[in-house]
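Undergrad: If you're matching positions, the sequence shown starts at -9 in the numbering used here and goes up one per residue.
By construction, the Cβ of each residue, glycine as well, lies at the ideal position given by its N, Cα and C atoms.
Since we're looking at a predicted model, the values are computed, not measured.
Below is a structure I'd like to ask you about.
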Amino acid sequence: TIMVFFVLTTAPQGGFGNYILPIQIGAADMAFPWLNMLSFWVTFLAFGVMLAAFLVSGGAPIAGWTAYPPLSAVGQISGPGEGLGQTLWVVSLAIFCAGALLGALNFIATTLDLRAKGMSLMRMPLTVWAWFVTAILGLLAFGVLLAAGILLLMDRTLGTSFFIPGGLVISEQIISHKGGSPLLWQHLFWFFGHPEVYIAILPGMGVVSQILSTFSRKPVFGYRAMVYAMMAIGGLGFLVWGHHMFISGMSPYSAVAFSLLTLSIGVPSAIKTFNWLGTLIGGRIRFKTPMLYALGFVSLFVTGGLSGIFLGQPSLDLYLHDTYFVVAHFHIIMGVAAIFGIFAATYYWFPKMFGRMMNETLGKLHFWITFVGVYAIFMPMHYIGIAGHPRRYAETSGVEYLGALQSVHEFISIVALVTMAAQFVFLFNFFWSFFRGEKASENPWECTTLEWTVPSPPPHDNFGGQTPVVYHGAYEYSVPGASKDYIMQTSPEKVAH
């Protein structure tokens, strides 16, 4: 729960988006600064309530991040971890949804209303497009999860029965509720849950597009196609929630429809991948740490997408569902790829945010251990998943057909510990660079977008009371006839394309 909601959802949008988006469109601040602050504190409150859920008597919540009823709905009668802790989990999620909705409204208003003169929609950096599309997804998806959370809370506290079926027997007691449907929760949760995947990863796509262009010294290949692909991915994300429910009793006809829609997401995803490769081909690539993480993101995105093709087939998913194959796919495409996007953004914008450069040697050491580590963790999980190993089981003794896989578990655990240790290299680099790092110039990467026209770090109102005027698109690199190999968006220099 903490990984999905309070890291992968919050950091790319609430962290980098709030800081960078206004500067990239030429605004002094977000459209509603007070609303921005309220969104932050509401999210912080939600995180506090979530942590409290682990500390109350009766045990921490045990229904997982999906909180399937009836396990999450019937209360303490079902055993430890289903009392106050689970109730606080639901309350935390509802509060988080409220904060996310406030933030999404602010992002949309800022992008549409506060762009500088000359900053047309098709001159915006792809990072801005990614945050904008993500905000729209959040506005449409988090309201559904908020409503579902309120209904679940009512089942737990007010005696309603939205998700609890009749005749349910738990601990030799017949539950008095009747008429509810656990499948209703699955529909509501996954209608939010699949767009949530793109809420986590779309900002990373924008950051990667920005970094690949910057460090290959080439314009983004197929800029408009990249924009339309993000829109298509976001739109299709609302139509495929059923592929999480192939084994939940779904009609075969519905399963085929959801399968076709799921596989269709591969088209805009392939467009983005091919355009990233097109951006790299023929470029003068600089293998700085942000570039390494951007390339790692592309690798993980392709790997996770390929495994998703198998899970999008109902006949295969019936076998692979709830095995370690799903764990591997989910973590590669959503968890690790999104985290690589966060790392890429951190190394890329650290000089602008703090006025100092991060150490390149430590950054590359961090990248290589992490990159090799995550593949060494999750590729074997595909193998044990295909072997039929159910997820959430860490120890296989007593299960004859799984006994041979215990050594793979142990290998994964060892590599996970090594990969975790590599994150201390990042933490040391971050704080050492914050205090002792080399002073950063205004534009250390020789970029073209507006954030690199202001001091590092930027002044309080971003542009020192001046309003920038935009003359070019966001990726004017290696333009024939230009005085240097990049043209700032604010430069009035005219060149022939």
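Looking only at C-alpha atoms, which of PRO304, GLY295 and GLY16 sits nearest to ALA245?
TA: Checked all of PRO304, GLY295 and GLY16; the closest Cα to ALA245 is PRO304.
Undergrad: Return yes when the Cβ of VAL288 is within less than 8 Å of the Cβ of VAL198, no when it is not.
TA: In contact: VAL198 and VAL288 (Cβ atoms closer than 8 Å).
Undergrad: Span of the alpha helix (DSSP H) holding ALA430?
TA: Run containing ALA430: none; DSSP gives neither H nor E here.
Undergrad: With respect to the alpha helix (DSSP H) encompassing LEU35, which residues constitute its N-terminal and C-terminal limits?
TA: It spans 23 to 42 - the alpha helix (DSSP H) in which LEU35 sits, taken as one unbroken run.
Undergrad: Quick one: what does DSSP say GLN396 is sitting in, helix, strand or coil?
TA: Three-state DSSP puts GLN396 in a helix.
Undergrad: How long is the line joining the alpha carbons of PHE368 and GLY54, rounded to whole angstroms?
TA: The alpha-carbon atoms of PHE368 and GLY54 are separated by roughly 20 Å.
Undergrad: I'd like the list of long-range same chain contacts for GLY363, defined as Cβ closer than 8 Å, with 5 residues on each side in sequence excluded.
TA: Closer than 8 Å at Cβ, skipping near neighbours: VAL405, ALA406, VAL408, THR409 and ALA412.
Undergrad: Whose CA, out of ALA125, ARG207, GLY378 and PRO280, lies closest to the CA of ALA546?
TA: Because residue 546 is not part of the residues shown, which for the chain are -9 to 487, the question remains open.
Undergrad: Could you please give me the residues that DSSP links to LYS107 through a beta bridge?
TA: For LYS107, which the question treats as bridged, DSSP gives the partners VAL459.
Undergrad: Which two residues bound the contiguous alpha helix (DSSP H) that contains GLN176?
TA: Here the alpha helix (DSSP H) through GLN176 covers 172 to 206.
Undergrad: How many whole angstroms separate the CB atoms of ARG207 and ARG274, which I take to be in contact at a CB cut-off of 8 Å?
TA: Confirmed, about 5 Å.
Undergrad: When burial is assigned at 16 or more other CB atoms within 10 Å of the CB, is GLY38 buried or exposed?
TA: The residue is exposed, with fewer than 16 neighbouring Cβ atoms inside 10 Å.
Undergrad: By the three-class DSSP mapping on this structure, what secondary structure does PRO280 have?
TA: If DSSP states are grouped into helix, strand and coil, PRO280 belongs with the helices.
Undergrad: How about PHE(-4) and ASN96: are their beta carbons less than 8 Å apart?
TA: No, Cβ-Cβ distance for PHE(-4) and ASN96 is not below 8 Å.
Undergrad: In the DSSP output, what is THR313 paired with across the bridge?
TA: Answer is PRO380.
Undergrad: In its own chain, which residues sit with a C-beta less than 8 Å from the C-beta of HIS399, not counting the 5 before and 5 after it?
TA: These residues qualify, in order along the chain: ILE374, ALA384, GLU385 and THR386.
Undergrad: Can you give the Cα-Cα distance for GLU350 and ILE477, rounded to whole angstroms?
TA: So the alpha carbons of these two residues sit roughly 26 Å apart.
Undergrad: Going by other Cβ atoms of all chains shown within 10 Å of its Cβ, with 16 needed for buried, is ASP307 buried or exposed?
TA: By the neighbour-count rule (16 or more Cβ atoms within 10 Å), ASP307 is buried.
Undergrad: For GLU390, count neighbouring C-beta atoms within 10 Å of its own C-beta (all shown protein chains included) and say buried if the count is 16 or more, exposed if not.
TA: GLU390 should be labelled exposed.
Undergrad: If I measure Cβ to Cβ from THR360 and keep anything under 7 Å in the same chain, skipping five residues before and after, which residues do I get?
TA: Within the same chain, THR360 has close Cβ partners THR409 and ALA412.
Undergrad: If I follow the unbroken alpha helix (DSSP H) through GLN303, where does it start and stop?
TA: No alpha helix (DSSP H) holds GLN303; DSSP gives it neither H nor E.
Undergrad: Excluding five sequence neighbours on each side, which residues of the same chain lie with their C-beta closer than 7 Å to the C-beta of GLY302?
TA: Result list for GLY302: HIS233, SER249, THR252 and LEU253, in chain order.
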